[in-house]
Amino acid sequence: MKKMSRREVLIRGTGLGMGLIGVMLSVPAVGFLLSPLFTKQKLTWITVGPIDEVPVNQPTAMIAEVPVGTGYPTPPVKRIVYVVKKRDGPTLALSNICTHMQCDVHWDPSLGNFLCPCHGGLYDIDGNNTGGPPPQPLAQWVHRTHTDAQGRTILEIQNQLDEHI
Ligand code: FES
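In terms of the UniProt record's numbering, the sequence shown opens at residue 1 and continues consecutively.
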């Protein structure tokens with residue numbers, strides 16, 4: 001085996017040291033880039049607005065600005081919340097995202113159903129899938145209501161969808 005010269009040892013040692021420094025410097029950067037994948041989304045309540053004018057048994061689309069849970073400073077995304085007030089029973093806050101392939105559904109009064117334009121999926125007023133390919137009911141936003149100082153009923157949602165209730 002050939003004996004290395006002092007010069008070769010120094011060159012190899014320097015190269016190894018530089019490589020170690022490079023690896024050590026890249027660890028925080030890689031951690032920063034990957035951290036959103038492992039960071040749990042921060043939950044927050046978002047005011048959708050007053051729902052006193054929403055007619056009973058007539059799903060009504062309202063807009064909510066929902067923060068995106070990527071961990072990066074990104075602007076909130078506008079989401080449609082279908083408010084369904086029932087004569088008896090709880091107020092629903094349904095997602096408008098079809099459970100088949102995520103197209104936007106809309107309430108069609110002539111059908112008395114939510115209609116998905118992509119493949120003709122149907123959901124009843126409670127969000128239950130009633131026709132076409134959707135495999136599940138519409139999801140529902142985690143939500144709550146409170147009465148404000150003017151006596152209005154205010155709907156708030158959380159930035160997460162729940163299983164259909
Ligand atoms: S995406 Fe809605 S029915 Fe296919």
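Idealized CB from N, CA, C, for every residue including glycine.
For residue i, three-class secondary structure by DSSP
i	result
M24	helix
V84	strand
I125	coil
R7	helix
G131	strand
G49	strand
residue 169	Any question about residue 169 goes unanswered here, given that the chain covers just 1 to 165.
P90	coil
R152	coil
A139	coil
T14	helix
Option nearest residue i by Cα separation, candidates the options
i	options	result
V83	R7, G151, Q150, Q140	Q140
residue 166	G120, V68, P50	There is simply no residue 166 to check, as the chain begins at 1 and stops at 165 in what is shown.
R151	S26, R12, G49, L122	According to the sequence shown, residue 151 is Gly rather than Arg. Selected option, being the one with the closest Cα: G49.
residue 238	P133, M101, T99, L92	Here the chain has residues from 1 to 165 only, and residue 238 is not among them.
P90	S5, I125, N96	I125
R79	K2, T99, E65, G121	E65
P134	I97, R87, P76	I97
N159	P76, L25, Q58, G15	P76
R87	L94, M4, L16, P59	P59
D162	G120, S95, T74	S95
N129	T99, D104, T14	T99
M101	K85, G132, T74, V81	G132
Counting Cβ pairs, one atom from each stretch, are 3 or more of them under 8 Å apart for the stretch 142-159 and the stretch 49-67?
Yes, the stretch 142-159 is in contact with the stretch 49-67.
If contact is defined by three or more beta carbon pairs under 8 Å, each pair taking one atom from either stretch, is the stretch 103-112 in contact with the stretch 142-149?
Touching, no.
Is the stretch 112-132 close to the stretch 4-21, with three or more CB pairs under 8 Å?
Contact fails: fewer than three Cβ-Cβ distances are below 8 Å.
Measuring from each Cβ to the nearest heavy atom of the ligand FES, keep the ones under 7 Å and list them in chain order.
Residue list for the ligand FES: C98, H100, M101, Q102, C103, V105, C116, C118, H119, G120, G121, G132, P133, P134 (CB closer than 7 Å to any heavy atom, chain order).
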